[in-house]
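Residue numbers (my numbering): 29 to 734.
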């Protein structure tokens, strides 16, 4: 029974534990923000105002005897030891403890505390500094030396230890000891400022030779570092040279600069070194040496890194140079700018033109040729003529330079030939290059080569400009048979070119072969397609007029009128009859105008018919009678204003526009609608007059009495 009770009791306990629940979190029904919001800043401000966290200061305690003092020390030391024991790594606790012992003149205890702290963290710089300062403050010099020795041995890369140590020895007057510390420091190859501190230390005691030896060791150590390239600074060499200059060792200073230039070579050139070197020589009045230094540097330093060098060179030349020197530096500066431009974009041909113009002004021929070769090497990547239009002028300028400036005819011929071989003649060509080459050969009195070049150009890539240039050349040479052959080839190539037909006919006219000229004109007007037929017909008509072949001229006009009924042709024919006719010239001219007026009645362009009638009227006013003048006046049209509807491109209405139209009397007689319109206008006018009379009857009475 006891077991059963225990079993049942355990079961009940388990069920009770199972029924035990975690208390629910209170649910907030109203989750809207309160009307008055309180921030953490307000809570803190309120606590400060009420002084809730301020503790009252401890009561002042006055120590009256040794026993109370010892008791106070014991409590204080126990507090410090407890703080240290809680967290040994907090060095500020150790320092406070040691400083408290120091304030009680317990130097030995303070040392013990610092030593214990160093055992905890010997890498803490502040700990060493406080320890050494305590010893120096209490005039324990040997202890301080011992601490500094341990510090620089343990942490040799902490420069502050070395600075403090050397300063202490110098303040104690132990110059030899301070120098010894500096020497130990220099063995560690410290940073630049450490070397300068050592040099300044020696200079304070007028030890110039020692300072020089330190500079030598410094730059040599850096030279070795350059081999493993730690300190390749130019400024160290400059400082060394200025040190020598300051102490009036000018030969030594110049030697330092020369060694620096040799040391850095052309791979690591720095403009600051050359500027400093040049200024040194300028101070020594060695102006030629200055100029050589600047030019040497400018020829070798990259352009973008030589801006300061340019500036100083320009200032120097303005101060001490002549006009030629100033121009040289300006030209050099511009040359570097152009070099940068063409390097950034080799196909910037405008930059090449400017560069070449500059180079040609004041440079030897080899340099100019080198720049030209570099420029023409940048062939356009696309074989399209628009990309070659600027490029081709590089070749032209190159050839002209070789011919006119360098006086090298052989090289000029090579330039022209190389350019003509480079051009893709199957796609496009440049006629100017062929013509310039031919003209060059003529200047060299080599006519066969010139003809061969032009013949090759016509065979490879015939163009109108090439034919014209070749024909002009042969005309100047009075080779008329060659001109005839060239014109024949030209017209076979371009039969639609009216200008070529006209020039060919004019050539035959000048040579006195009128029949050939007339035959050429006949062939020309018989071509199915012409680019300017009106010019050709006019030239043919003028030719016949010059030959006083008036019947042939009339026949030409009639043939032309069969092709076109243009008003200008009729007017030209009438004027021809007026000028060429004899006794019946006025009658012939009037007949032409009559015929033209009849022919142009069906013309849609009324302005042309008006132009014809105005020309006819001017003729009658000068040569006609009153009857003919009256007749032509009756033929003149009436100018009226009309409106028509406009439509936009999409077919929508675009409004109305006004325009002028012409109504010819001959047309009104044949159109009854126009008669009806005129009668309606007359009736409307009469109606307006009658209405005006009805509104003002007195006016009619007065008019009748008068």
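For each residue, glycine too, the CB sits at the ideal point set by N, CA and C.
- Of the candidates 654, 423, 397, the residue whose Cα lies closest to the Cα of residue 377 is 423.
- Around residue 245, the same chain offers 214 as residues with beta carbons nearer than 8 angstroms, after the five sequence neighbours per side are excluded.
- DSSP places residue 224 inside the alpha helix (DSSP H), whose first and last residues are 220–232.
- Counting only the Cα atoms, residue 564 lies some 36 angstroms from residue 420.
- As summarised for the region 355–415, the continuous alpha helix (DSSP H) elements at least 4 residues long and confined to that stretch are 377–389, 393–404, given in chain order.
- Ranked by how close their Cα comes to the Cα of residue 430, the residues 401, 55, 616 have 401 in first place.
- The region 64–77 makes no contact with the region 93–113, as fewer than three CB pairs between them are under 8 angstroms.
- DSSP places residue 201 outside both helix and strand once states are collapsed to three, so it counts as coil.
- Using a Cβ distance threshold of 7 angstroms, residue 262 and residue 300 count as a contacting pair.
- Put simply, of 576, 269, 526, 579 the residue whose alpha carbon is nearest the alpha carbon of residue 554 is 526.
- In this structure residue 602 is in contact with residue 620, their Cβ atoms being roughly 4 angstroms apart against a cut-off of 8 angstroms.
- Note on geometry: alpha-carbon atoms of residue 236 and residue 176 lie some 28 angstroms from one another.
- Three or more pairs of CB atoms, one per stretch, sit closer than 8 angstroms, so the region 142–152 contacts the region 110–119.
- Taking a C-beta distance under 7 angstroms as the contact criterion, residue 485 and residue 477 do not qualify as a contact pair.
- Non-local beta-carbon contacts of residue 498 in its own chain, meaning distances under 6 angstroms to residues more than five positions away in sequence, involve 482, 514 in chain order.
- With fewer than 16 other beta carbons inside 10 angstroms of its own, residue 650 counts as exposed.
- The shortest C-alpha to C-alpha distance from residue 159 to any of 184, 127, 190, 364 is the one to 127.
- Under the DSSP definition of a beta bridge, residue 684 partners with 673.
- The continuous stretches of alpha helix (DSSP H) do not include residue 57, and DSSP gives it neither H nor E.
- A direct Cα-Cα distance of roughly 18 angstroms separates residue 517 from residue 506.
- The beta carbon of residue 415 is closer than 7 angstroms to those of 408 in its chain, skipping five residues each way along the sequence.
- Residue burial annotation: residue 57 is exposed, with fewer than 16 other C-beta atoms found within 10 angstroms of its C-beta.
- Our two residues, residue 714 and residue 671, have alpha carbons roughly 25 angstroms apart in a direct line.
- Boundaries of the alpha helix (DSSP H) harbouring residue 661: 654–663, taken from the DSSP string.
- By alpha-carbon distance to residue 278, the top candidate from 309, 298, 303, 597 is 309.
- Collapsing the DSSP output to three states places residue 483 in a helix.
- Assignment of residue 236 by DSSP, reduced to helix, strand and coil, places it in the helix class.
- About 7 angstroms separates the beta carbon of residue 264 from that of residue 220, a gap short enough to meet the 8 angstroms contact definition.
- Under the three-state reduction of DSSP, residue 505 is assigned to coil, being neither helix nor strand.
- Cβ neighbours of residue 440 within its own chain (closer than 7 angstroms, five residues either side excluded): 427, 430, 431, 468.
- Under the three-state reduction of DSSP output, residue 452 falls in the coil class, being neither helix nor strand.
- One thing to note: residue 317 has its Cβ no nearer than 7 angstroms to the Cβ of residue 294.
- Around the beta carbon of residue 228, fewer than 16 other beta carbons lie within 10 angstroms, which makes this residue exposed.
- Comparing C-alpha distances from residue 315 to each of 137, 348, 369 shows the shortest one belongs to 348.
- At the C-beta level, residue 536 and residue 545 come within 7 angstroms of one another.
- With 16 or more other CB atoms across the displayed protein chains lying within 10 angstroms of its CB, residue 282 is buried.
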